[in-house]
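Visitor:
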Amino acid sequence: MAGLSKGAAAALFAAAAGALCLLLESSLPWLVKFPAAWVLPATDWVGAVMEWFLALIKPAARSFSALMYYPMEAANYVLSNTPWPLVIFATTALAWILGGVRMALMAVVGLGFVLASGYWPESMNTLALVAVSVPLALIIGGGIGILANEYPRIRQPVQALLDVMQTVPTFAYLTPLLVLFGFGPVVGLIASAIYAAPPMARNVLLGLERVEPEIKEAAVMSGGTRLQQLFQCEIPSAGQQIMVGVNQCLMAALSMVIIAAVIGGFDDIGWEVLLTMRKAQFGQSLLAGLVIVIFAILIDRMSGTLTQDRRQKHDPRVAWGILALGVLVSAVFWGSVQQPGTYALFNPVADSVDRGLSAFTSANAEVLTALKNNVMFYVLLPIRIGLDQAVLPFTWGFAWTPAMSLVLFAAGAAAAVVFAVRGQLALGVMLLIAAGMLETGISQLPWPFVLVGAGALAWVAGGRGLAILTVVLLGTILLSGLWERALLSLYLSGAAVFACAVMGGAIGLVSAVSPGVWRVVRPVCDMLQTIPLFVFLIPVLMVFQIGEFSAFLAIIAYAIVPMIRYTRHGLVSTPDEMIEAATASGATRWQMLKDIRAPYAAPSILLGLNQTILYAFAMLVIAALIGTTGLGQSIYLALGQADVGLGISAGAAMAILALIADRMVQGFAEERRKALGL
1 MAGLSKGAAA ALFAAAAGAL CLLLESSLPW LVKFPAAWVL PATDWVGAVM EWFLALIKPA
61 ARSFSALMYY PMEAANYVLS NTPWPLVIFA TTALAWILGG VRMALMAVVG LGFVLASGYW
121 PESMNTLALV AVSVPLALII GGGIGILANE YPRIRQPVQA LLDVMQTVPT FAYLTPLLVL
181 FGFGPVVGLI ASAIYAAPPM ARNVLLGLER VEPEIKEAAV MSGGTRLQQL FQCEIPSAGQ
241 QIMVGVNQCL MAALSMVIIA AVIGGFDDIG WEVLLTMRKA QFGQSLLAGL VIVIFAILID
301 RMSGTLTQDR RQKHDPRVAW GILALGVLVS AVFWGSVQQP GTYALFNPVA DSVDRGLSAF
361 TSANAEVLTA LKNNVMFYVL LPIRIGLDQA VLPFTWGFAW TPAMSLVLFA AGAAAAVVFA
421 VRGQLALGVM LLIAAGMLET GISQLPWPFV LVGAGALAWV AGGRGLAILT VVLLGTILLS
481 GLWERALLSL YLSGAAVFAC AVMGGAIGLV SAVSPGVWRV VRPVCDMLQT IPLFVFLIPV
541 LMVFQIGEFS AFLAIIAYAI VPMIRYTRHG LVSTPDEMIE AATASGATRW QMLKDIRAPY
601 AAPSILLGLN QTILYAFAML VIAALIGTTG LGQSIYLALG QADVGLGISA GAAMAILALI
661 ADRMVQGFAE ERRKALGL
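Numbering (the UniProt record's numbering), first residue to last: 1 to 678.
(1) Does the beta-carbon of Arg485 have 16 or more other beta-carbons within 10 angstroms, so that it is buried, or is it exposed?
(2) Assuming contact is defined by CB atoms lying nearer than 8 Å, are Ala652 and Val187 in contact in what I supplied?
(3) With DSSP collapsed to three states, give me the class of Asn364.
(4) Closest to Ala557 by CA distance: which of Arg589, Ala501 and Ala587 is it?
(5) Measure the alpha-carbon distance for Gln591 versus Ala602 and round it to whole angstroms.
(6) Quick one: is Val373 buried, meaning 16 or more other Cβ sit within 10 Å of its Cβ, or exposed?
(7) Let's test the definition: count the other Cβ atoms within 10 Å of the Cβ of Trp320 and tell me whether it reaches 16, buried, or not, exposed.
(8) In chain order, what residues of the same chain lie with their CB nearer than 8 Å to the CB of Leu431, ignoring the 5 residues before and after it?
(9) Going straight from the alpha carbon of Ala10 to that of Arg153, what length do you get?
(10) State yes or no: is the C-beta of residue 684 within less than 8 Å of the C-beta of Phe171?
(11) Nearest to Cys21 by alpha carbon, out of Met437, Phe89 and Ala512?
(12) Provide the residue span of the alpha helix (DSSP H) that contains Thr574, from first to last.
(13) Indicate whether Gly141 and Gly245 have their beta-carbon atoms separated by less than 8 Å.
(14) Going residue by residue through the segment 372 to 414, where are the continuous alpha helix (DSSP H) segments of at least 4 residues, counting only ones entirely within it?
(15) Anyone know if the C-beta pair for Thr612 and Gly504 falls short of 8 Å?
(16) With distances taken between CB atoms, is the gap from Ile660 to Thr470 smaller than 8 Å?
(17) Would you call the CB atoms of Leu614 and Ala675 closer than 8 Å?
(18) Alpha carbon to alpha carbon, how far is Met404 from Gly386?
(19) Checking 8 Å against the spacing of the C-beta atoms, do Gly118 and Gly341 come in under that value?
(20) Out of Gly645, Glu670 and Asp662, state which residue places its alpha-carbon closest to the alpha-carbon of Met50.
(21) Rounded to whole angstroms, what's the CA-CA distance from Ala655 to Tyr69? Just pull it up for me.
(22) Work out the CA separation of Ile97 and Gln312 for me, nearest whole Å.
(23) Could you tell me which uninterrupted alpha helix (DSSP H) segments, each at least 4 residues in length, are contained entirely in the segment 164 to 230, listed from first to last along the chain?
(24) Please confirm whether residue 744 and Met376 have their CB atoms less than 8 Å apart.
(25) The alpha helix (DSSP H) with Gly326 in it runs from where to where?
(26) If we ignore side chains and look at the alpha-carbon of each, how far apart do Arg672 and Leu606 end up?
(27) How many Å lie between Leu274 and Leu286 at the Cα?
(28) Is the separation between the beta-carbon of Ser192 and that of Leu129 shorter than 8 Å?
(29) Compare the C-alpha of Val520 against each of Arg565, Ala582 and Ile531 and name the closest.
(30) Identify whether residue 718 lies in helix, strand or coil by the three-state DSSP scheme.
(31) Short of 7 Å in beta carbon distance, which residues of its chain neighbour Ala137, apart from the five on each side in sequence? Order them along the chain.
(32) Please report how far the alpha carbon of Thr567 lies from the alpha carbon of Met664, in whole angstroms.
(33) Tell me whether Gln545 sits in a helix, a strand or coil according to DSSP, three-state version.
(34) Of the choices Phe34, Leu79 and Ile442, whose alpha-carbon is the least far from that of Leu488?
(35) Which whole-angstrom value describes the C-beta separation of Val349 and Ser123, a residue pair presumed to lie in contact below a C-beta threshold of 8 Å?
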């Protein structure tokens, strides 16, 4: 392969592996389906080890659970028994201090909506969980970040641990937590703290690493001890980055509210969302989901002000006045105010939503069914099981034949030759491989081809080390017996990521070209990024009911935002001198976009793709509740059966897929940055 580019060599190697599997398929069927006799009982092994370990630490865990019960109950008692006018006025006073009039009005309107919805008691229970889990997550995450900063030897393992914690689906570690701590609100609290700790740890470590050397030297020269240097100089200097961690920690804890409700059995707003969804009361479910969205937006905006360099100061006397007014109103009307859970002013609206939805789905049943079936039969199903199995007289009006496969492969080969003549051999071979994958289907791909193809792609992205890591990690999934479920997860997340890349990239492009479009798109993106995962299921369930298509739409809705943001950011951040040079040379607007902005934005767009992939995998498990198969379904079933081995194994398999995709995309992004001299 001398004279070939790295990409062309990898593509030819993968194509050769695929062709070999295709030719030997009939004589060596084990090339297509991994023999069951070769599968190791890894799930049973993991279950046995985890059960032994959990039994060993269960007494300490139960003691910790009993200890955490008291602050949980205390926070719940205080928030539930504090008069609602005082809570609203106190929050408004804090909002005034942090953001002035606009934020204070946001707090009043938001909490007024919560009160009017009738979900005030459940909301206070939710805030009690957040109020205890967030400090716990801040202590754990901050301690991990400081420890990794102080001992460089453990920094790499800590980074790897944080990667694993953020890529393992949340449902996967709920199973061992359920075994350890039992059923109840405290286990939901602990799950929220564990999920929210990694963002804090990352930002503390990042902030301490970015402290200016001059500041560290000044602290040493002043004769301070190491603790004094750390807590009096370095941590205050890293304060802005640490506050970013606090913001992300708060949002992560709140996003776990509904997930924690699955195992918490707690009368909070997350449980209300689950309960109303199960009863198909979509109006009430949407109303409860909006309450969570309001809390997410308020917490995000209020804590986000703490990350700003130059935050505008607001008169604290106004805040004290608002608080005093709240105390006065609460005292005067203590016995006459209506119980906050009895307002329910939006119940007629929720009922109208249900009736309107029923009328809409009835009136447009044919159109909605046609849309769902068309996407399923003509897009998703061929990607999943291949054209040779998806094209049937029932759906397409004709049956797929071997001759059609030959025509498809011939077209792919012709395209490969054309691109090879033009000097783009890698692209041509990749088109041929894509034709073969479309004919076969992702879930039916021969396992040697997947290992070789993924290894070759990893070699191009990150070298030999990443290629070996990729093949070894995928080999563990293969030997564990989770291969077919992993391919099903890869199919659905891959289809959703592709849709996000196309649609999100287009929206990001238009937003970069038109500031007016961005003014409309930006608040929508802000809202989508603050909505907890479960809430995305509500609108698609309302319209399309349970099924794989609904899960596909939910994943797209959650994962598309990073693609939009990073694409737009990359296109508008081109250096002024490059724009001036292109303008001086007479480049048109389209030429400037295609030849200047797009190449410069490539690393940013790739990072957006990276985040989209991680978001898609995160949503995949949640989408298992409404009709997906694969690893997400296995994780959810393991939670219901308290099967620690299956939960951990399936969660680890999904984390492996996400980790490999993450490392590959990061490798390509780094390569583009080096090519641009960044």
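Just so you know, even glycine gets a beta-carbon here, dropped at the ideal spot from N, CA and C.
Guide: Based on what the coordinates show:
(1) For the purposes of this step, residue 485 is identified with residue 485 of the sequence shown, where counting begins at 1. Arg485 is buried by the Cβ-count criterion.
(2) Counting from one through the sequence shown, the residue named residue 652 turns up at place 652. Counting from one through the sequence shown, the residue named residue 187 turns up at place 187. For Ala652 and Val187, no; Cβs fall outside 8 Å.
(3) As a position in the sequence shown, residue 364 is number 364, starting the count at 1. Note: Asn364 maps to coil in three-state DSSP.
(4) Here the question's residue 557 lines up with position 557 in the sequence shown. Closest option to Ala557, Cα to Cα, is Ala501.
(5) Position 591 of the sequence shown, counted from the first residue, corresponds to residue 591. Position 602 of the sequence shown, counted from the first residue, corresponds to residue 602. So the two alpha carbons sit approximately 16 Å from each other.
(6) What you label residue 373 is simply residue 373 of the sequence shown in a count that begins at 1. Sequence check: residue 373 is Asn here, not Val. With fewer than 16 Cβ atoms within 10 Å of its Cβ, Asn373 is classed as exposed.
(7) Taking the first residue of the sequence shown as position 1, residue 320 is located at position 320. Exposed: under 16 other Cβ atoms inside 10 Å.
(8) Translated into positions along the sequence shown, residue 431 becomes position 431. Hits under 8 Å: Gly412, Ala415, Ala416 and Phe419.
(9) Here residue 10 refers to the residue found at position 10 when the sequence shown is read from its first residue. Here residue 153 refers to the residue found at position 153 when the sequence shown is read from its first residue. About 35 Å.
(10) Outside the displayed span of the chain (1 to 678) sits residue 684, for which this structure offers no information.
(11) On the sequence shown, residue 21 is found 21 positions in, with the first residue counted as 1. Closest option to Cys21, Cα to Cα, is Met437.
(12) On the sequence shown, residue 574 is found 574 positions in, with the first residue counted as 1. No alpha helix (DSSP H) contains Thr574, which DSSP labels as neither H nor E.
(13) Along the sequence shown, read from residue 1 onward, the residue named residue 141 stands at position 141. Along the sequence shown, read from residue 1 onward, the residue named residue 245 stands at position 245. Closer than 8 Å, so yes.
(14) 381 to 385 and 387 to 390
(15) Along the sequence shown, one-based indexing puts residue 612 at 612. Along the sequence shown, one-based indexing puts residue 504 at 504. Yes; because the gap between Cβ atoms is below 8 Å, this pair is in contact.
(16) Residue mapping note: residue 660 aligns to position 660 of the sequence shown, counting from 1. Residue mapping note: residue 470 aligns to position 470 of the sequence shown, counting from 1. Cβ distance < 8 Å, so Ile660 and Thr470 count as in contact.
(17) Here residue 614 corresponds to residue number 614 of the sequence shown, with the count starting at 1. Here residue 675 corresponds to residue number 675 of the sequence shown, with the count starting at 1. No, Cβ-Cβ distance for Leu614 and Ala675 is not below 8 Å.
(18) Start at 1 with the first residue of the sequence shown, and residue 404 comes out as number 404. Start at 1 with the first residue of the sequence shown, and residue 386 comes out as number 386. So the two alpha carbons sit approximately 13 Å from each other.
(19) Within the sequence shown, residue 118 is the residue found at index 118, counting from 1. Within the sequence shown, residue 341 is the residue found at index 341, counting from 1. Cβ atoms of Gly118 and Gly341: closer than 8 Å.
(20) Start at 1 with the first residue of the sequence shown, and residue 50 comes out as number 50. Of the listed residues, the one whose Cα sits closest to Met50 is Gly645.
(21) On the sequence shown, position 655 is the one that residue 655 refers to. On the sequence shown, position 69 is the one that residue 69 refers to. Each residue's Cα considered, the two are about 31 Å apart.
(22) On the sequence shown, residue 312 is found 312 positions in, with the first residue counted as 1. On the sequence shown, residue 97 is found 97 positions in, with the first residue counted as 1. Taking the straight line from one Cα to the other gives about 9 Å.
(23) 170 to 181, 185 to 209 and 213 to 221
(24) Any property of residue 744 remains undetermined from this structure, which presents the chain solely from 1 to 678.
(25) One-based indexing of the sequence shown puts residue 326 at position 326. It spans Pro316 to Val332 - the alpha helix (DSSP H) in which Gly326 sits, taken as one unbroken run.
(26) Taking the sequence shown and counting its residues from 1, the one referred to as residue 672 is at position 672. Taking the sequence shown and counting its residues from 1, the one referred to as residue 606 is at position 606. About 9 Å.
(27) Here residue 274 refers to the residue found at position 274 of the sequence shown. Here residue 286 refers to the residue found at position 286 of the sequence shown. Cα to Cα, Leu274 sits roughly 11 Å from Leu286.
(28) Numbered from its first residue, the sequence shown carries residue 192 at position 192. Numbered from its first residue, the sequence shown carries residue 129 at position 129. Against a cut-off of 8 Å, the Cβ pair of Leu129 and Ser192 comes out as a contact.
(29) The sequence position of residue 520 within the sequence shown is 520, counting from 1. Ranking Arg565, Ala582 and Ile531 by Cα distance to Val520 puts Arg565 first.
(30) Lying outside 1 to 678, the shown extent of the chain, residue 718 is not represented and no answer is given.
(31) Residue mapping note: residue 137 aligns to position 137 of the sequence shown, counting from 1. Within the same chain, Ala137 has close Cβ partners Ala193, Ala196, Ala197, Met200, Cys249 and Ala253.
(32) As a working note, residue 567 is residue 567 in the sequence shown. As a working note, residue 664 is residue 664 in the sequence shown. Using only the alpha carbons, I get a separation of about 19 Å.
(33) Position 545 of the sequence shown, counted from the first residue, corresponds to residue 545. Coil.
(34) If you number the sequence shown from 1, residue 488 lands on position 488. The option with the nearest alpha carbon to Leu488 is Ile442.
(35) For this step, residue 349 is matched to residue 349 along the sequence shown. For this step, residue 123 is matched to residue 123 along the sequence shown. No, Val349 and Ser123 are not in contact; Cβ-Cβ is about 18 Å, not under 8 Å.
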